[in-house]
Amino acid sequence: MDLSLSPHGPLRADRPDLSAYLAADGVVDHDHPAIVALAGQLRQDDPVRTAEAVFEHVRDRIDHSADVGRWSAAYRASDVLAAGNAICHGKSHLLAALLRANGIPAGLCYQKLEVLHGLNGVLLPGGSWWVRLDGRGNRNGADGHFATTPAEERPAWAGDPARGEHHYTTVYATPPEPLLDGLRAAVPNSTGYGYLPLELPDAER
């Protein structure tokens, strides 16, 4: 089996400089003291095990808003951590922040479902491929698992190509602007995803 081949398609970075996937910014704010502290608590001797511990923490300890009926509208990583819940995009921003705080390059990936789903692309230590990790949370039919190679990827949702559902191929260092505009428009305690774009431009597929 070729471990470099993902069942969900290849991934490619949108930035040539890997430092973009380690940077702190206004969304993936891994320089925030709370992010720094938690990243340190989750750190293991083996960096791959660190990535797994971070992934499992975000998947299992940060609630998906729809699963618990608490809609924080948080999307900045530190705000997601403080709220304890977010939709998939906020959780992916927190996962990226905790990984970057541990020196592991991490970006943002997307899947076209009924709405635009957010997950992560990670370049694990010692690896040469970007790997999808989906920390959405395994409730209500979701089933995401840690993977170390593209061949092992297990996103939360399988998707149905017959319905036009698919994974995008780009690993973004920062959220695409149309998505970020939607996330900024979210209202706390308001249910649903009406503020999100349904998909990214076809050019990004």
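If you read the sequence shown in my numbering, its first letter stands for residue 103, the second for the next number, and so on. All residues carry an ideal CB built from backbone N, CA and C; glycine is no exception.
- A buried status is given to Asp-131, since no fewer than 16 other beta-carbon atoms sit within 10 Å of its beta-carbon.
- DSSP places Ala-188 in the strand class (E or B) of the three-state scheme.
- Around the beta-carbon of Val-289, fewer than 16 other beta-carbon atoms lie within 10 Å, marking it exposed.
- Here Ala-208 carries a strand assignment [DSSP, helix/strand/coil].
- Looking at the DSSP output, Asn-240 sits in no beta bridge, so it has no partner there.
- Take Gly-186, set aside five residues on each side of it, and the residues of its chain with a beta-carbon closer than 7 Å to its own are Ile-164 and Asp-165, in chain order.
- Closest in alpha carbon position to Leu-215, among Leu-120, Arg-172, Pro-112 and Leu-298, is Leu-298.
- Nearest neighbour of Asp-148 by Cα position, chosen from Gly-228, Pro-277, Asn-291 and Gly-261, turns out to be Gly-228.
- According to the DSSP secondary-structure assignment, Gly-128 is paired through a beta bridge with no residue.
- Annotation for Glu-255: Ser-108, Pro-109, His-110, Val-233, Arg-234 and Ala-249 place their beta carbon closer than 7 Å to its own, counting only its chain and skipping 5 residues before and after.
- In the structure shown, Tyr-123 falls within a helical segment according to DSSP collapsed to helix, strand and coil.
- If you check the CB distance, Gly-205 and Val-273 do not come in under 8 Å.
- If only complete runs of 3 or more residues are kept, the segment 230–290 shows the beta strand (DSSP E) at 232–235, in order along the chain.
- From the listed residues Ala-136, Glu-154, Gln-213 and His-195, the smallest Cα separation to Leu-285 is found for His-195.
- Here the alpha carbons of Leu-140 and Val-160 stand approximately 11 Å from one another.
- Counting only the Cα atoms, Ile-189 lies some 23 Å from Pro-135.
- When C-alpha distances from Lys-193 are compared across Asn-240, Val-150 and Arg-151, the shortest belongs to Asn-240.
- Considering only Gly-261, Thr-276, Leu-302 and Leu-300, the residue with the shortest C-alpha distance to Leu-120 is Thr-276.
- No residue range can be given for Leu-105, since it is assigned to no beta strand (DSSP E) and is classified by DSSP as neither H nor E.
- Between Val-182 and Tyr-295, the C-beta gap is not smaller than 8 Å, which leaves the two residues out of contact.
- For Val-217, there is no enclosing alpha helix (DSSP H), as DSSP marks it with neither H nor E.
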